[in-house]
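Numbering-wise (our numbering), the sequence shown opens with residue 716 and increments by one. A quick write-up on the structure given underneath.
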Amino acid sequence: MVYLKAVEAYGFKSFAERTTVEFDQGLTAIVGPNGSGKSNITDAIRWVLGEQSAKSLRGARMEDIIFSGTEKRQPLNYAEVTLKLDNSSGLIEADSKLNITRRLYRSGESEYFINQAKSRLKDITELFLDTGLGKESFSMISQGKVDEILNAKPEERRHLIEEAAGVLKYKKRKKETAAK
Ligand code: ATP
Ligand code: MG
């Protein structure tokens, strides 16, 4: 198992201050009034894992995820989120302490880091393939997803099973090889 220990956010949506949300072993429930930022936490996790659709992060443009200011606070120039993962089981081909960071500037410039080393989105996607932790993996079940799975076509449902079985990585590599 890979275990998400903490999400550290700065300038991401409502997180104007550097904020750390820690997850203990077991079940964590996040509660709070409407609009207090609960969904922003899951948005932050999906964003680091490579979410490219502003719409699915509930914005119009990707820059909308950068803290836009309030009456009392200036907007910020960039957003940064780090996922702190415990990979001591070795499920992911990486160090046992794994920090994944994504940063976005208002200019549109985007950066990814794996343990502080500058990386490409592709490296991050590959790291999480078949681990069940990718941005569209079965470990993120959003509102409406259950219905979607139940109503899916057999081929679409197969994608989920293939990820759980750990064969997506090979399918992706096969496709890449065929394209060369
Ligand atoms: P609900 O219970 O209604 O689902 P929630 O706790 O999930 O609410 P979120 O949707 O996570 O709430 O947070 C919405 C809040 O985030 C809103 O107050 C919105 O103004 C704020 N927000 C979103 N994007 C930004 C941004 N770029 N800058 C500042 N605040 C933002
Ligand atoms: Mg919500």
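Cβ atoms here follow ideal geometry from the backbone N, Cα and C, with glycine treated the same way.
Nearest candidate by alpha-carbon position, reference Thr797, set Asp758, Gly741, Asp845 and Glu871:
Counting from 1 along the sequence shown, the entry for residue 797 is found at position 82. Measuring from the Cα of Thr797, the nearest candidate turns out to be Asp758.
Does the distance from the CB of Glu723 to the CB of Lys799 come in under 9 angstroms?
Position 8 of the sequence shown holds residue 723. Position 84 of the sequence shown holds residue 799. Against a cut-off of 9 angstroms, the Cβ pair of Lys799 and Glu723 comes out as a contact.
Since Thr816 sits in a beta bridge, which residues does DSSP pair it with?
To locate residue 816, count along the sequence shown from 1; it is residue 101. Note: Thr816 sits in a beta bridge opposite Thr797 and Phe828.
Rounded to a whole number of angstroms, what is the C-alpha to C-alpha distance between Glu737 and Leu844?
Position 22 of the sequence shown, counted from the start, is the residue given in the question as residue 737. Position 129 of the sequence shown, counted from the start, is the residue given in the question as residue 844. Approximately 24 angstroms between the Cα atoms of the pair.
Assign Lys868 to buried or exposed, taking buried as 16 or more other Cβ atoms, counted over all protein chains shown, within 10 Å of its Cβ.
Position 153 of the sequence shown, counting from 1, holds the residue named residue 868. Exposed is the call here.
Element boundaries [beta strand (DSSP E), containing Leu844]
Taking the first residue of the sequence shown as 1, we reach residue 844 at position 129. Note, Leu844: premise wrong, no beta strand (DSSP E); not H, not E.
Quick check: Phe727 and Asn749, are their CB atoms within less than 9 angstroms of each other?
Sequence index remark: in the sequence shown, residue 727 carries index 12 (1-based). Sequence index remark: in the sequence shown, residue 749 carries index 34 (1-based). Contact flag unset, no.
C-alpha distance - Ile780 paired with Ala794, whole-angstrom precision:
Translated into positions along the sequence shown, residue 780 becomes position 65. Translated into positions along the sequence shown, residue 794 becomes position 79. Roughly 7 angstroms between the two C-alpha positions.
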